[in-house]
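**Student:** Numbering (my numbering), first residue to last: 286 to 570. The beta-carbon is built from N, C-alpha and C at its ideal position, and this holds for glycine as well. Here it is: the structure, laid out below.
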Amino acid sequence: MNKVKKHSFDFIIIVLLLLIAATAVFPLLYVLSASLTPYSEVLKNGGFILLPKKFTLAAYNEILGQSKVIHAFGVTVFVTIVGTFINLILSLLMAFPLSRKNIPGRTFILFLVVLTLLVNGGIIPTYIVVHATGLTNTIWSMIVPNAIAAFNLLIMKSFFETLPEELFEAARMDGANEFYILYKIVLPLSIPVMMTIGLFYAAGHWNEFMQPLLYITDSSLFPLQVVIRDIIMQTQDQLNNPDVSIPTVTIQMASVIVASLPIILVYPFVQKYFMKGMLLGSIKG
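Here's what the structure looks like:
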């Protein structure tokens, strides 16, 4: 009887997980199918395509054939790589000292960090600061203002607090300074949480949209998300015309694929670090 109950419970859990997985996969499948289907075929099916019968790469050729898209892709890659590197270095250098309980002023600094999660300066004050520092209309306006995220900093600090203090004491007895301890002991043990936080930062940089709209007027500095938005807006007036040379719905869906595919491809390679880092770096009460 217990085995029957256990198998029934397992079956219900599996069904629920499959339903949840379907709700996540279904939109992706629809977007991919619509991006590969001619617009006239989309209209014949009432705007809903799940498994395309006809294929076309016209939308991808249109998007990737534009030099501004390729240039914007390069800008986004630069912001993502350089920005994530700066984020991780600064977060590491701030989180490790804050994880040591004998640091003077630690409590006050942590209070200020948590305060930024509760109180936001607002768009206008932030713009004034960015403008006053000369970052407007530069690529660094998409990197420097968010150099350290308070939430990610707290996760990293909580992870460092789980490391045994005996390791650091033994290293100090051997004559190691704090930077040597950070580089040779802390950093190798922190790969899971660093990969987790790095994924958070990288996804944020890759999806950067609001900051370039606020701080950048030079179109050559626009990242991929802004350029894709402009392409989609240019095709809005063609939505009800099946005879246009450029497929409108397919070009919108192809834009979604182009903008999100790199992050989707990277995630499986860091998933194991992501799960481990989230467990090890969980914020304790």
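My guess is that P508 and A380 are in contact by the Cβ rule of under 8 Å, so how many angstroms apart are they, rounded?
**Tutor:** Counting from 1 along the sequence shown, the entry for residue 508 is found at position 223. Counting from 1 along the sequence shown, the entry for residue 380 is found at position 95. Their Cβ separation, rounded to whole angstroms, is 27 Å, which puts P508 and A380 out of contact at 8 Å.
**Student:** Starting from the C-beta of K569, find all residues in its chain whose C-beta is less than 8 Å away, skip the five residues before and the five after it, and write them out in chain order.
**Tutor:** Translated into the one-based positions of the sequence shown, residue 569 becomes position 284. Unreliable placement is indicated for K569, whose pLDDT of 45 sits below 50; the coordinate value is still reported in the next sentence. Taken in chain order, the residues that qualify are S443, E446.
**Student:** D503 and N422 look like a contact to me (Cβ under 8 Å); what is the Cβ gap, rounded to whole Å?
**Tutor:** Working through the sequence shown from its first residue, we reach residue 503 at position 218. Working through the sequence shown from its first residue, we reach residue 422 at position 137. With a Cβ gap of about 5 Å, D503 and N422 count as contacting.
**Student:** Do I580 and S376 have their C-beta atoms within less than 9 Å of each other?
**Tutor:** Residue 580 is absent from the model: the chain starts at 286 and stops at 570.
**Student:** Pick out whichever of I548, Q496, A309 has its Cα sitting closest to the Cα of V415.
**Tutor:** Walking along the sequence shown from the start, residue 415 turns up at place 130. With distances taken between Cα atoms, V415 lies closest to Q496.
**Student:** Alpha carbon to alpha carbon, how far is L448 from M441? Give it in angstroms, no decimals.
**Tutor:** As a first step, residue 441 must be located in the sequence shown, where it is residue number 156. As a first step, residue 448 must be located in the sequence shown, where it is residue number 163. Distance between the alpha carbons of M441 and L448: 11 Å.
**Student:** Could you name the residues of the same chain whose beta carbon sits closer than 8 Å to that of E326, not counting the 5 residues immediately before and after it, in chain order?
**Tutor:** For the purposes of this step, residue 326 is taken as residue 41 along the sequence shown, with counting starting at 1. Contacts found: I334, P337, K338, K339.
**Student:** Measuring alpha carbon to alpha carbon, tell me which residue in S540, P430, L395 is nearest G407.
**Tutor:** In the sequence shown, residue 407 corresponds to position 122, counting from 1. Of the candidates S540, P430, L395, the one whose C-alpha sits nearest the C-alpha of G407 is P430.
**Student:** Since I believe A456 is in contact with I476 (beta carbons under 8 Å), could you give me their beta-carbon distance rounded to a whole number of angstroms?
**Tutor:** Within the sequence shown, residue 476 is the residue found at index 191, counting from 1. Within the sequence shown, residue 456 is the residue found at index 171, counting from 1. Not a contact, Cβ separation roughly 19 Å.
**Student:** Buried or exposed, going by whether 16 or more other CB atoms sit within 10 Å of the CB of N437?
**Tutor:** Along the sequence shown, one-based indexing puts residue 437 at 152. When all chains shown are included, N437 counts as buried.
**Student:** Could you say which of I409, I501, L314, M538 lies nearest to I517 if we only look at CA atoms?
**Tutor:** For this step, residue 517 is matched to residue 232 along the sequence shown. Nearest option by C-alpha distance: M538.
**Student:** By the three-class DSSP mapping on this structure, what secondary structure does E493 have?
**Tutor:** Counting from one through the sequence shown, the residue named residue 493 turns up at place 208. DSSP places E493 in coil when its eight states are reduced to three.
**Student:** State the start and end residues of the unbroken alpha helix (DSSP H) segment that holds S352.
**Tutor:** Residue 352 sits at position 67 when you count from the first residue of the sequence shown. Its alpha helix (DSSP H) spans residues 352-384.
**Student:** Run the CB neighbour count on G368, radius 10 Å, all protein chains shown included, and call it buried at 16 or more, exposed below.
**Tutor:** For the purposes of this step, residue 368 is identified with residue 83 of the sequence shown, where counting begins at 1. By the neighbour-count rule (16 or more Cβ atoms within 10 Å), G368 is buried.
**Student:** Exposed or buried, A344, counting other C-beta atoms within 10 Å across all chains shown (16 or more means buried)?
**Tutor:** Along the sequence shown, read from residue 1 onward, the residue named residue 344 stands at position 59. Buried.
**Student:** Please return the same chain residues whose Cβ sits closer than 7 Å to the Cβ of F485, not counting the five positions on each side in sequence.
**Tutor:** The residue you call residue 485 lines up with position 200 of the sequence shown. So the list reads N437, once near-sequence residues are dropped.
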